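In this note's numbering, the protein residues as written are 11 to 298. Let me begin by presenting the structure, written as structure tokens, before commenting on it.
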Amino acid sequence: MTKEITLDQAPDLRRIYATAALRRGSSSDTLPDVRYSRAGIRVAVDDLVDYAHVCRFPVGSMLPPTYPHLVAFPLQMAVMSGHGFPLPLLGAVHVENRIEVVRAIGVDEPLDVSVWASDLRPHRRGRQVDLVSEVSVRGDVVWRGTSTYLSRGAEHPEAPSSEPPSTAALERVTAGPLWRLGEGTGRAYAAVSGDWNPIHVHALAARPLGFPSAIAHGMYSYARALASLGPKLPESGLTSRVWFRKPVRLPSTVRLRTTFEPSRTLSVLENAKGERGDVVHAVVENTW
11 MTKEITLDQA PDLRRIYATA ALRRGSSSDT LPDVRYSRAG IRVAVDDLVD
61 YAHVCRFPVG SMLPPTYPHL VAFPLQMAVM SGHGFPLPLL GAVHVENRIE
111 VVRAIGVDEP LDVSVWASDL RPHRRGRQVD LVSEVSVRGD VVWRGTSTYL
161 SRGAEHPEAP SSEPPSTAAL ERVTAGPLWR LGEGTGRAYA AVSGDWNPIH
211 VHALAARPLG FPSAIAHGMY SYARALASLG PKLPESGLTS RVWFRKPVRL
261 PSTVRLRTTF EPSRTLSVLE NAKGERGDVV HAVVENTW
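Below, the structure written as structure tokens:
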């Protein structure tokens, strides 16, 4: 039977990360049957404005499509840091994300959020798991998200993998917006999202976890990609998916190239030429 845990306030993410080094996960092949929830969450306008500024969204009466992830993220961390969770939190890499905007969400609407873990499975470089989030307003689901995290470990070369759609059509697209991401990009996003994972904050904190420098948050890159597409995307009925391929080292200069179809966009985020070659960092597909 699922254990339902309802919280009155968001978990303290700094405390979760501070204590994460003390737990290494378990060798279990099962996930704890637990669901974390919060009810009646009100979005703080000042926090929304700060997020929009960092990710380059316009500020309006509706939430950006990625903003509900921020509301759900502390509950994701509560699940992943809880007793019996099989993967260690520190060093976990966000490899894929899918969101479904059922309808646009007003800034002033009260949000009910539930999060649980699903589908623990092998990955060619370790094990991965989905953190599933649902956001409801007055009993109706208005947003869904699935965040896939990889924990490196014993390799499984034959494990099936989720691959992005073909990007052959993007070969004809030679231009796109350039983003110059400074060394402090991870700290700026952490300040508005609460995600203080050490791999994003500073090179000295990232190196013990296997990264030569700090890397940009995947959800920051994803949010900026959606913000760049702006009015090309609908406010409702949007299904958006991102595959994170190679981390964006900080500092970096990256370029977003996009193809547009009547009910679909396909984008590639890559290193600008001249910086470590043509490295694909993420592929983003939007459909409606």
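For every residue, glycine included, the Cβ atom is placed at its ideal position computed from N, Cα and C. Predicted, not measured: the structure shown is a model, and the values here were computed from it.
Residue i (DSSP reduced to helix, strand or coil)
i: residue 166; result: coil
i: residue 40; result: coil
i: residue 25; result: helix
i: residue 181; result: helix
i: residue 50; result: strand
i: residue 141; result: strand
i: residue 201; result: helix
i: residue 114; result: coil
i: residue 82; result: helix
i: residue 72; result: strand
i: residue 289; result: coil
C-alpha distance - residue i paired with residue j, whole-angstrom precision
i: residue 97; j: residue 38; result: 9 Å
i: residue 234; j: residue 64; result: 9 Å
i: residue 295; j: residue 49; result: 31 Å
i: residue 263; j: residue 177; result: 21 Å
i: residue 130; j: residue 107; result: 15 Å
i: residue 25; j: residue 201; result: 15 Å
i: residue 160; j: residue 255; result: 12 Å
i: residue 84; j: residue 124; result: 11 Å
i: residue 251; j: residue 90; result: 22 Å
i: residue 58; j: residue 220; result: 32 Å
i: residue 268; j: residue 193; result: 26 Å
i: residue 291; j: residue 74; result: 22 Å
C-beta contact flag for residue i and residue j at 8 Å
i: residue 15; j: residue 72; result: no
i: residue 298; j: residue 247; result: yes
i: residue 260; j: residue 223; result: yes
i: residue 174; j: residue 69; result: no
i: residue 145; j: residue 185; result: no
i: residue 42; j: residue 94; result: yes
Where residue i falls, given that 16 or more other Cβ within 10 Å makes a residue buried
i: residue 19; result: exposed
i: residue 150; result: exposed
i: residue 28; result: exposed
i: residue 67; result: buried
i: residue 105; result: buried
So within the region 213-280, which uninterrupted alpha helix (DSSP H) runs reach at least 4 residues, ignoring any that extend past its ends?
Annotation: the region 213-280 contains the following complete segments of the alpha helix (DSSP H) (minimum length 4 residues), in chain order: 213-216, 228-239.
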